[in-house]
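Worksheet: one structure, shown below.
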Amino acid sequence: MDSEDVWFYFLMCYFHEHYSELISVIFIISFIGIIWGIIHEMRWLSVFFTLPLLIFVVGLIFF
3 MDSEDVWFYF LMCYFHEHYS ELISVIFIIS FIGIIWGIIH EMRWLSVFFT LPLLIFVVGL
63 IFF
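Mapping the sequence shown onto the numbering used here, position 33 (from 1) lands on 35, and the numbers just tick up by one.
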């Protein structure tokens with residue numbers, strides 16, 4: 003087993019066990035980043051923080 007595989011396995015186990023806690027943190031950080039980007043007219047920042055939300059929503063819909 004590669005060292006990369008060990009880290010990947012650790013992250014997947016952690017996310018699986020703490021899924022509900024992490025999703026709320028991801029949403030809060032993403033919304034703060036989107037609002038911060040809009041207020042300070044940094045559209046790239048808003049797009050950067052919108053992508054995790056889109057990936058999460060698409061994952062919920064299709065998986």
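For glycine and all other residues, C-beta sits at the position ideal for the given N, C-alpha and C. The structure presented is a predicted model; accordingly, all values stated were derived computationally and were not measured.
Between the CA atoms of residue j and residue i - distance to the nearest angstrom
i, j, result
"Tyr11", "His18", "10 Å"
"Ile36", "Val8", "33 Å"
"Leu47", "Gly39", "5 Å"
"Ser22", "Glu43", "32 Å"
"Ile28", "Cys15", "17 Å"
"Leu55", "Ile34", "12 Å"
"Ile30", "Leu62", "18 Å"
"Leu24", "Ile41", "26 Å"
"Ile57", "Val49", "12 Å"
Residue environment, residue i, which counts as buried when at least 16 other CB atoms sit within 10 Å
i, result
"Phe51", "buried"
"Ser26", "exposed"
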